[in-house]
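2 protein chains.
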Amino acid sequence: MGEAITIKDIAKALGMSYSTVSRALKGSYQISEATRQKVKEYADAHRYRPNLVAQSLKSKKSRSIGVLLCSIPNSFFAEVINGIESIAYNQDYHVILTQSLESYERELKNLEHLAWRSVDGLLVSLSTETIDISHFKKWHDAGVPIVFFDRITDLIDTHKVVVDNAGGAFDAVHYLAGMGRRKIAHITSSPNISITKERLEGYNKAMASHQLSPAPGYIQYCQHGGMIPEELEQAIDKLFGMEEPPDAIFTASDRITISTLAALYKRGIQMPEQVMVAGFSNFSSPEIFCPPLTTVRQPAFEMGKTATELLIQLIESKRPVTSFEKRVLPAELIIRPAR
Amino acid sequence: MGEAITIKDIAKALGMSYSTVSRALKGSYQISEATRQKVKEYADAHRYRPNLVAQSLKSKKSRSIGVLLCSIPNSFFAEVINGIESIAYNQDYHVILTQSLESYERELKNLEHLAWRSVDGLLVSLSTETIDISHFKKWHDAGVPIVFFDRITDLIDTHKVVVDNAGGAFDAVHYLAGMGRRKIAHITSSPNISITKERLEGYNKAMASHQLSPAPGYIQYCQHGGMIPEELEQAIDKLFGMEEPPDAIFTASDRITISTLAALYKRGIQMPEQVMVAGFSNFSSPEIFCPPLTTVRQPAFEMGKTATELLIQLIESKRPVTSFEKRVLPAELIIRPAR
DNA sequence: TTGAAAGCGGTACCAG
DNA sequence: CTGGTACCGCTTTCAA
Chain A
27 MGEAITIKDI
37 AKALGMSYST
47 VSRALKGSYQ
57 ISEATRQKVK
67 EYADAHRYRP
77 NLVAQSLKSK
87 KSRSIGVLLC
97 SIPNSFFAEV
107 INGIESIAYN
117 QDYHVILTQS
127 LESYERELKN
137 LEHLAWRSVD
147 GLLVSLSTET
157 IDISHFKKWH
167 DAGVPIVFFD
177 RITDLIDTHK
187 VVVDNAGGAF
197 DAVHYLAGMG
207 RRKIAHITSS
217 PNISITKERL
227 EGYNKAMASH
237 QLSPAPGYIQ
247 YCQHGGMIPE
257 ELEQAIDKLF
267 GMEEPPDAIF
277 TASDRITIST
287 LAALYKRGIQ
297 MPEQVMVAGF
307 SNFSSPEIFC
317 PPLTTVRQPA
327 FEMGKTATEL
337 LIQLIESKRP
347 VTSFEKRVLP
357 AELIIRPAR
Chain B
27 MGEAITIKDI
37 AKALGMSYST
47 VSRALKGSYQ
57 ISEATRQKVK
67 EYADAHRYRP
77 NLVAQSLKSK
87 KSRSIGVLLC
97 SIPNSFFAEV
107 INGIESIAYN
117 QDYHVILTQS
127 LESYERELKN
137 LEHLAWRSVD
147 GLLVSLSTET
157 IDISHFKKWH
167 DAGVPIVFFD
177 RITDLIDTHK
187 VVVDNAGGAF
197 DAVHYLAGMG
207 RRKIAHITSS
217 PNISITKERL
227 EGYNKAMASH
237 QLSPAPGYIQ
247 YCQHGGMIPE
257 ELEQAIDKLF
267 GMEEPPDAIF
277 TASDRITIST
287 LAALYKRGIQ
297 MPEQVMVAGF
307 SNFSSPEIFC
317 PPLTTVRQPA
327 FEMGKTATEL
337 LIQLIESKRP
347 VTSFEKRVLP
357 AELIIRPAR
């Protein structure tokens, strides 16, 4: 795009060698203040911008970050992407997005693709189907920086960014119990992924703290995280086919929350009278739902930002990093009373 | 990422010259079937992948597409991005996203940034602030392929992808009128952008066809497309401070629709009794809003796909393209009756 | 402090 | 049909 001026042009114009110009532009090194001035001036005047491709070829760094996540238009991930871009843009990295659509197969293919594109590092949120993580282990062991976010794994030692899933889940269930509900069900994602376990833990803890114990079948898993509509339909049908159907549901993710509400409507189940719903969601205005929805909101933008900062730190670290951190961001319960 | 095998490695291993290997790999040209076989086999066996950076440097093509839009986490644009990625991924282009956040200033900066990254082409949806489009004209005249989508301009002759905004607007307003509403207001975005004009046109036409003429002040513009919360608050306050407040509102975009509902709630204005709302939105399940929202849905994924296909076609065209098309995708009115 | 030159991985032209 | 080589734009050693 556009015919740009190169180092050679500058050298020719100023009657110097390429290397001198190159050095002058990078600041550093041994170079006389005079020539540096001259070069900088000329460069600015002619709007010189280094050719990134040439730099890449030389440095073997692509200044790109690969992102693996399940779905771009999911409101949670869309916000995460926003956070990622906000950092990457300023640090002159570009971001290559790939979506697994909750398929292990696709996750593998995407990883392959990103490897080929020679990204400098990876931001990864695992698919619901993923159990074996040796594909990531391979790259990680080969020295490729990886930061996991949201759906993480304990089997690879690197930076991780998550929200306080257990805490958020606890708060939501505690709220439902506080509203007098005792038969609180939980519709959640695949048991494979970390967030499912942690949110379940919060649910269990809150139930216990209210001396409640969920009936068998009160915990419904959607293997594909609600990506497949039938999953949710089935979950709802099972719950309301029970002898003692729930009087509240705690939903574990954005997509599941929205789909649960839709499915309940379709069946004419009254909310909040018959069943009260609260769950994870990052939709901007859940107060316009019917009834207004109490949600656990995740700092998605923040998560994207933090993960990207950590990744770039890893990429640009001079010495191999051996000590890793797990950032836990707070989840926020936003209570929206019925009208 | 990873230590890859190069053409030189293959050449060395097979005792041929670089050029022979290169030719063999590209298929074409004059090369004996035997050597081609040998090379291909070796390459496959050792998982050879051409170095994209080197190819870029040589070919002066980056195989990247720059995208300019207003906001990533907006549900409409998030779906568009999904469509863009779906095509780009398969054609081995990568996508660089930038957001204007409805600022002309930022749009300029982003364009600069993308130019520097030497993208092969641009997908552009203008910011609400943009009036002067000479920055795009400059690049377009320099031969950079551009495809405009959604918020387009007539001042640059190139491919464009839009939805039938006037038609969608007409349908929505016609629906409201059909429900017996006569005082139908319109909250819309900045008058600068194409979609505002077209949706207004549909509104006017539908009003006229029902022998309705909007009171002065029934058309409220949000200069920043509802990005700034106060804009909407003011619009609502103006509408309901009038002697004859509206009994229906047609909203012109996703963000405006959601914010309008939220603002009406906040003020305790009853829907649909006091005022009935219908508008553009790509939220997945507006039936869970209160009341269920009748929406004009745009084929956003399709739009992203189509725009990207057209762009890649431009980029890869051997001869300069001189005849351009404007694809108009249908908008779909989805009626959701009150419960 | 500056210049010359090699090389990153591919491509394409020119000989042979 | 195949080999040699220059070159894309930049960085970096080695000499001067």
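Chains as they are written, first to last, in our numbering: chain A, 27 to 365; chain B, 27 to 365. Backbone N, C-alpha and C fix where the C-beta goes; we use that ideal spot for every residue, glycine too.
Partners in chain B for residue i, counting only beta-carbon separations shorter than 9 Å
i, result
"Ser307/A", "The contacting residues do not exist; Ser307/A stays about 11 Å from chain B at best."
Proximal chain B residues relative to residue i, where beta-carbon distance stays under 7 Å
i, result
"Tyr291/A", "Glu313 and Ile314"
"Ser310/A", "Ile284"
Coarse secondary structure for residue i, derived from DSSP in three states
i, result
"Arg323/B", "strand"
"Tyr130/A", "helix"
"Ala20/A", "Because chain A is modelled from 27 through 365, residue 20/A falls outside the range shown and cannot be assessed."
"Lys344/A", "coil"
"Glu358/A", "strand"
"His185/B", "coil"
"Thr32/B", "coil"
"Lys231/B", "helix"
"His212/A", "strand"
"His1/A", "For residue 1/A there is no data in the structure shown, the boundaries of chain A being 27 and 365."
"His161/B", "helix"
"Lys87/A", "coil"
"Gly92/B", "strand"
"Gln125/B", "strand"
"Leu51/A", "helix"
"Tyr247/A", "strand"
"Leu149/A", "strand"
"Thr283/B", "helix"
"Val170/B", "coil"
"Ile120/A", "Looking at the sequence provided, one finds His at residue 120/A rather than Ile. It is a strand residue."
Spatial neighbours of residue i in its chain, beta-carbon cut-off 8 Å, leaving aside the 5 residues before and after
i, result
"Trp165/A", "Leu137, Ala141, Leu148 and Ile172"
"Gly294/A", "none"
"Ser43/A", "Ala37"
"Phe327/B", "Glu105, Val106, Asn108, Gly109 and Ser112"
Residues near residue i by beta carbon distance below 6 Å, same chain, minus five either side
i, result
"His72/B", "Ile31"
"Glu1/B", "The question about residue 1/B has no answer here: the residues shown for chain B are numbered 27 through 365."
"Thr124/B", "Leu94 and Asn136"
"Gly194/B", "Val322 and Ala357"
Listed by chain order, chain A residues near residue i by CB distance under 7 Å
i, result
"Ala288/B", "Ser311, Glu313 and Ile314"
Cutoff 7 Å; reference residue i; Cβ partners in own chain excluding five residues on either side
i, result
"Ser48/B", "Ile33"
"Arg177/B", "Ser151, Leu152, Ile219, Ser220 and Ile221"
"Glu335/A", "Ile113"
"Leu337/A", "Ile91, Gly147, Leu149, Pro171 and Val173"
"Gln117/B", "Ile338"
"Glu351/B", "His185"
"Pro271/B", "Leu265"
"Ala289/A", "Leu258, Glu259 and Ile262"
Using a Cβ-Cβ cut-off of less than 8 Å, list which residues of the region 101 to 112 of chain A approach chain B; keep chain order. Considering only beta carbons, the part of the region 101 to 112 of chain A lying closer than 8 Å to chain B consists of Ser101, Ala104, Glu105, Ile107, Asn108 and Glu111, in chain order.
Members of the region 120 to 136 of chain A that neighbour chain B once the beta carbon cut-off is set at 8 Å: Residues of the region 120 to 136 of chain A with a C-beta atom less than 8 Å from some C-beta of chain B are His120, Val121, Ile122, Leu123, Thr124 and Gln125, listed in chain order.
Are three or more beta carbon pairs between the region 59 to 69 of chain A and the region 131 to 143 of chain A nearer than 8 Å? The region 59 to 69 of chain A and the region 131 to 143 of chain A do not touch, with fewer than 3 CB-CB distances between them shorter than 8 Å.
When you compare the region 302 to 321 of chain B with the region 76 to 89 of chain A, are there three or more beta-carbon pairs, one atom per stretch, that lie closer than 8 Å? Counting Cβ pairs under 8 Å, fewer than three are found: no touch.
To be precise: take each residue of the region 72 to 84 of chain B, compare its Cβ to all Cβ atoms of chain A, and keep it if any distance is under 8 Å. Which residues remain? Going along the region 72 to 84 of chain B in chain order, one finds Arg75, Asn77, Leu78, Val79, Ala80, Ser82 and Leu83 with a Cβ nearer than 8 Å to chain A.
Where the region 89 to 100 of chain A meets chain B: residues whose CB sits under 9 Å from a CB there: If you check each beta-carbon in the region 89 to 100 of chain A against every beta-carbon of chain B, the ones closer than 9 Å belong to Ser90, Gly92, Ser97, Ile98, Pro99 and Asn100.
Tell me whether the region 105 to 116 of chain B and the region 286 to 303 of chain B touch, counting them as touching only if at least three CB pairs, one residue from each stretch, are closer than 8 Å. Taking 8 Å as the limit for Cβ pairs, the verdict is that the region 286 to 303 of chain B does not touch the region 105 to 116 of chain B.
In chain order, what residues of the region 139 to 155 of chain B put their CB closer than 9 Å to some CB of chain A? Here the close residues are His139, Leu140, Ala141, Trp142, Arg143, Ser144, Val145, Asp146, Gly147 and Leu148.
Give a yes or no on contact between the region 262 to 282 of chain A and the region 210 to 223 of chain A, applying the rule of three or more CB pairs nearer than 8 Å. Contact between the region 262 to 282 of chain A and the region 210 to 223 of chain A is established, with three or more Cβ pairs separated by less than 8 Å.
Output, in sequence order along the chain, the residues in the region 323 to 351 of chain A whose CB is closer than 9 Å to any CB in chain B. Across the region 323 to 351 of chain A, CB contacts with chain B closer than 9 Å involve Ala326 and Phe327, in sequence order along the chain.
Taking 8 Å as the cut-off, does the region 181 to 196 of chain B touch the region 254 to 261 of chain B (at least 3 CB pairs, one atom from each stretch)? At 8 Å Cβ cutoff, the stretches do not touch.
Decide if the region 117 to 131 of chain B is in contact with the region 246 to 255 of chain B; the criterion is three or more beta carbon pairs, one per stretch, under 8 Å apart. Judged by pairs of C-beta atoms under 8 Å, the region 117 to 131 of chain B touches the region 246 to 255 of chain B, as three or more such pairs exist.
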